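Trainee: For reference, the structure I am asking about is given below.
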Amino acid sequence: MTGSDSGGLILGIETSCDETAAAIVRRGRDVLAETVWTQHEVHRRFGGIVPELASRAHVERILPVLDETMRAASVGWRDLSAIAVTAEPGLIGSLLIGLTAGKALAWSTGVPLIGVNHVHAHLYAALLNGDPLDAQALGLVVSGGHSSLFRLDPGFRPREIGRTIDDAVGEAFDKAATILGLGQPGGPAIDRLARCGNDRAIDLPVAQLGPGRFDFSFSGLKTALLYAVEGVPAPPNRVRRADSGRSPAAPEPLDDTRRRDFAASFERAAIRAVTRTVDRALDTHDDARVLIAGGGVTANSRLRQELALLCERRGVTLRLPPPRWCLDNAAMIAGIAWRRAARGEHDDLALPARAVVPR
Ligand code: KG4
Ligand code: ZN
66 MTGSDSGGLI LGIETSCDET AAAIVRRGRD VLAETVWTQH EVHRRFGGIV
116 PELASRAHVE RILPVLDETM RAASVGWRDL SAIAVTAEPG LIGSLLIGLT
166 AGKALAWSTG VPLIGVNHVH AHLYAALLNG DPLDAQALGL VVSGGHSSLF
216 RLDPGFRPRE IGRTIDDAVG EAFDKAATIL GLGQPGGPAI DRLARCGNDR
266 AIDLPVAQLG PGRFDFSFSG LKTALLYAVE GVPAPPNRVR RADSGRSPAA
316 PEPLDDTRRR DFAASFERAA IRAVTRTVDR ALDTHDDARV LIAGGGVTAN
366 SRLRQELALL CERRGVTLRL PPPRWCLDNA AMIAGIAWRR AARGEHDDLA
416 LPARAVVPR
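For the sequence shown, the working numbering begins at 66 and goes up steadily by one.
Shown next, in the form of structure tokens:
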């Protein structure tokens, strides 16, 4: 391949959800340029991501985002060692836009194509602009679409040891924000509000799934918050007060204090569910000397603090990306592809997009 001779420059393309992103990264480490165009404005009034609108927005933005990134890095197509693109998992229409763009560019320029797993790339974000992984590790990905734990060796080969059985933790943050009447994306809104609330105001469940399992569950927490805010629904055969569908003991309406306290209580429970499972996984996988974390929810200030405390107590090194690389971006896509590019590996143009990756 043109590969390592040409300076190890990789173009990364990311379109798995609602960000259209491109980046140029040298040798899996140095980020020369990156562009992230977020679609929050497109979806805001629907209260969640509308897949068809997401794909259309990617079609509109992908070429300008690519042009801008190549120009910012002062790189020509033939300088590239590889074109790396997210191929799985994600919204299928969104994935197809980036993957098709990547294939078209690879075909027309002769630069090799490398397909990337988006969740694994979230782990790699912690290594950008830093040293490579040099020890056995556990990996935590907590985002809007995924919540998973991995084992990793110094060769950076993730093996999943747990994942959510229902909602992802970021999805729970987003739904909690809707229940509390806050804007989207909900995670940053709850993060801000929770800082001045009482996190013991209400007792919300912290799910823990059977011994020896490192899976997560967040749907019970979301329902418990809904009931705390709106009251427990009356059984269908009971007479309902004013036909509200809620129990006669419906709680007081949300005021600013209750909203802050509920946000803080929700955040405490959601983060405990994550840190407890990580703690148990470190008990079992006691040769792990490093915890690598990534995904949108690792931008959360409380989670960052609690992971730092947990790792300090256990004598484990914590590798966390800076907040901008916690969220979806293409630098992590270009970064993780470097190992395969350096070995001369690549994919062919038949590479499929996969919405879901089975266990
Ligand atoms: O990694 P990401 O950009 O997209 C996915 O791959 O899903 O993560 C987006 C998720 C959203 O659910 C958002 O609410 C959450 O990350 N998020 C946060 C914070 N910032 C973003 N959750 C909690 N606290 C934050 N500060
Ligand atoms: Zn993501």
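We put the CB at the ideal spot given by N, CA and C, even for glycine. Please read these numbers as outputs of a predicted model, since none were measured by experiment.
Where the beta carbon is closer than 5 Å to any heavy atom of the ligand ZN, which residues qualify, in chain order?
Mentor: Here the residues come out as Ser208 and Asp393.
Trainee: Considering Val271, what are the terminal residues of the beta strand (DSSP E) in which it resides?
Mentor: Here residue 271 refers to the residue found at position 206 of the sequence shown. It is not in any beta strand (DSSP E) - Val271 carries neither H nor E in the DSSP assignment.
Trainee: Whose C-alpha, out of Gly93, Phe331 and Ser284, is nearest the C-alpha of Ala149?
Mentor: To locate residue 149, count along the sequence shown from 1; it is residue 84. Nearest C-alpha to Ala149: Gly93.
Trainee: CB-CB under 6 Å to Asp153, same chain, minus the five flanking residues each way: which ones, in chain order?
Mentor: As a working note, residue 153 is residue 88 in the sequence shown. Contrary to the premise, residue 153 reads as Glu rather than Asp in this sequence. Answer for Glu153: Asn182, Arg419 and Val422, listed in chain order.
Trainee: Indicate the three-state DSSP secondary structure (helix, strand or coil) for Phe221 in the structure shown.
Mentor: As a first step, residue 221 is located in the sequence shown; it is residue number 156 there, counting from the start. Coil at Phe221, not helix or strand.
Trainee: Could you tell me whether the Cβ atoms of Gly158 and Ser81 are closer together than 8 Å?
Mentor: On the sequence shown, residue 158 is found 93 positions in, with the first residue counted as 1. On the sequence shown, residue 81 is found 16 positions in, with the first residue counted as 1. No, these two residues do not count as a Cβ contact at 8 Å.
Trainee: Starting from Gly141, trace the beta strand (DSSP E) both ways and give me its first and last residue.
Mentor: Within the sequence shown, residue 141 is the residue found at index 76, counting from 1. Premise fails: Gly141 is in no beta strand (DSSP E) and is neither H nor E.
Trainee: Indicate the three-state DSSP secondary structure (helix, strand or coil) for Ser430 in the structure shown.
Mentor: With the chain covering only 66 through 424, there is no way to say anything about residue 430.
Trainee: Is there at least one non-hydrogen atom of the ligand GTP closer than 7 Å to the beta-carbon of Cys82?
Mentor: With respect to small molecules bound, the structure shown includes the ligand KG4 and the ligand ZN and not the ligand GTP.
Trainee: So, with DSSP's three-state summary, where would you put Glu99?
Mentor: Within the sequence shown, numbered from 1, the residue matching residue 99 stands at position 34. Residue state, collapsed to three classes: strand.
Trainee: Can you give the Cα-Cα distance for Ala285 and Pro298, rounded to whole angstroms?
Mentor: Numbered from its first residue, the sequence shown carries residue 285 at position 220. Numbered from its first residue, the sequence shown carries residue 298 at position 233. The sequence shown places Gly at residue 285, rather than the Ala named in the question. Distance between the alpha carbons of Gly285 and Pro298: 15 Å.
Trainee: Hey, how far is the Cα of Ala353 from the Cα of Val96?
Mentor: In the sequence shown, the residue the question calls residue 353 occupies position 288. In the sequence shown, the residue the question calls residue 96 occupies position 31. Between Ala353 and Val96, the C-alpha separation is close to 28 Å.
Trainee: Spatial neighbours of Arg226 within its chain, please: C-beta separation below 7 Å, excluding the five flanking residues on both sides.
Mentor: For the purposes of this step, residue 226 is taken as residue 161 along the sequence shown, with counting starting at 1. For the sequence presented, residue 226 should be read as Ile rather than Arg. Closer than 7 Å at the Cβ level, and outside the excluded window around Ile226, lie Leu214, Phe215, Arg216, Phe279 and Ala346.
Trainee: Any heavy atom of the ligand KG4 closer than 7 Å to the Cβ of Pro253?
Mentor: By one-based count along the sequence shown, residue 253 stands at place 188. Yes.
Trainee: DSSP has Leu76 in a bridge; who is on the other side?
Mentor: Along the sequence shown, one-based indexing puts residue 76 at 11. In DSSP, Leu76 forms a bridge with Ile89 and Ile148.
Trainee: If Ala190 and Gly359 are in contact, beta carbons under 8 Å, what's the gap, nearest whole angstrom?
Mentor: Here residue 190 refers to the residue found at position 125 of the sequence shown. Here residue 359 refers to the residue found at position 294 of the sequence shown. Confirmed, about 5 Å.
Trainee: Ignore the nearest five residues each way along the sequence and tell me which others in Pro116's own chain have a CB closer than 6 Å to its CB.
Mentor: On the sequence shown, position 51 is the one that residue 116 refers to. Excluding positions up to five away in sequence, the list reads Leu156 and Gly158.
Trainee: In angstroms, rounded to a whole number, what distance separates the CA positions of Thr134 and Ala399?
Mentor: Numbered from its first residue, the sequence shown carries residue 134 at position 69. Numbered from its first residue, the sequence shown carries residue 399 at position 334. When rounded, the distance between both Cα atoms is 13 Å.
Trainee: Once DSSP output is grouped into helix, strand and coil, what is the label at Phe331?
Mentor: In the sequence shown, counting from the first residue as 1, residue 331 sits at position 266. The answer is helix: DSSP assigns Phe331 an H, G or I state.
Trainee: Whole-angstrom Cβ separation of Ala87 and Leu76, contact assumed at under 8 Å?
Mentor: Translated into the one-based positions of the sequence shown, residue 87 becomes position 22. Translated into the one-based positions of the sequence shown, residue 76 becomes position 11. Their Cβ separation, rounded to whole angstroms, is 7 Å, which keeps Ala87 and Leu76 in contact under 8 Å.
Trainee: Any idea what DSSP makes of Glu317, helix, strand or coil?
Mentor: Residue mapping note: residue 317 aligns to position 252 of the sequence shown, counting from 1. Three-state result, Glu317: coil.
Trainee: Taking 7 Å as the cut-off, is the CB of Gly409 close to at least one heavy atom of the ligand KG4?
Mentor: Counted from its first residue, the sequence shown places residue 409 at position 344. It does not: the Cβ of Gly409 is nowhere closer than 7 Å to a heavy atom of the ligand KG4.
Trainee: I'd like to know whether the C-beta atoms of Thr174 and Glu79 end up nearer to each other than 8 Å.
Mentor: Position 109 of the sequence shown, counted from the start, is the residue given in the question as residue 174. Position 14 of the sequence shown, counted from the start, is the residue given in the question as residue 79. The answer is no: Cβ separation not under 8 Å.
Trainee: Just to confirm, does Asp256 get its C-beta within under 7 Å of one of the non-hydrogen atoms of the ligand KG4?
Mentor: Residue mapping note: residue 256 aligns to position 191 of the sequence shown, counting from 1. Within the cutoff, so yes.
Trainee: Taking 8 Å as the threshold, find out whether the stretch 316 to 328 comes into contact with the stretch 241 to 259 through three or more Cβ pairs.
Mentor: Short answer: they touch.
Trainee: Does the count of Cβ pairs from the stretch 362 to 376 and the stretch 325 to 343 closer than 8 Å reach three?
Mentor: Yes: the two stretches touch, three or more of their Cβ pairs being nearer than 8 Å.
Trainee: Give a yes or no on whether 8 Å exceeds the smallest Cβ distance from Asp280 to chain D.
Mentor: The structure shown contains no chain D; it is built from a single protein chain.
Trainee: Exposed or buried, Gly141, counting other C-beta atoms within 10 Å across all chains shown (16 or more means buried)?
Mentor: On the sequence shown, position 76 is the one that residue 141 refers to. With fewer than 16 other Cβ atoms within 10 Å, it is exposed.
Trainee: Below 6 Å CB to CB, which residues in the same chain sit around Ser330 once its five sequence neighbours on both sides are set aside?
Mentor: Mapped onto the sequence shown, residue 330 falls at position 265. Correct list, in chain order: Asp264, Ala266, Ile267 and Leu269.
Trainee: Quick test of your reading: Pro219 and Ala200, contact by CB under 8 Å. State the CB separation rounded to the nearest angstrom.
Mentor: Within the sequence shown, residue 219 is the residue found at index 154, counting from 1. Within the sequence shown, residue 200 is the residue found at index 135, counting from 1. Rounded, the Cβ-Cβ distance is 6 Å, consistent with contact.
Trainee: Could you tell me the alpha carbon to alpha carbon distance between Arg224 and Leu374, rounded to whole angstroms?
Mentor: Here residue 224 corresponds to residue number 159 of the sequence shown, with the count starting at 1. Here residue 374 corresponds to residue number 309 of the sequence shown, with the count starting at 1. Those two C-alpha atoms are separated by around 25 Å.
Trainee: For the beta strand (DSSP E) that Arg384 lies in, which residues bound it at each end?
Mentor: Reading the sequence shown from its first residue, position 319 is the one you call residue 384. Thr382 to Arg384 is the span of the beta strand (DSSP E), which, as asked, contains Arg384.
Trainee: Let me know the secondary structure DSSP gives Phe238 once reduced to three states.
Mentor: Position 173 of the sequence shown, counted from the start, is the residue given in the question as residue 238. Three-state DSSP puts Phe238 in a helix.
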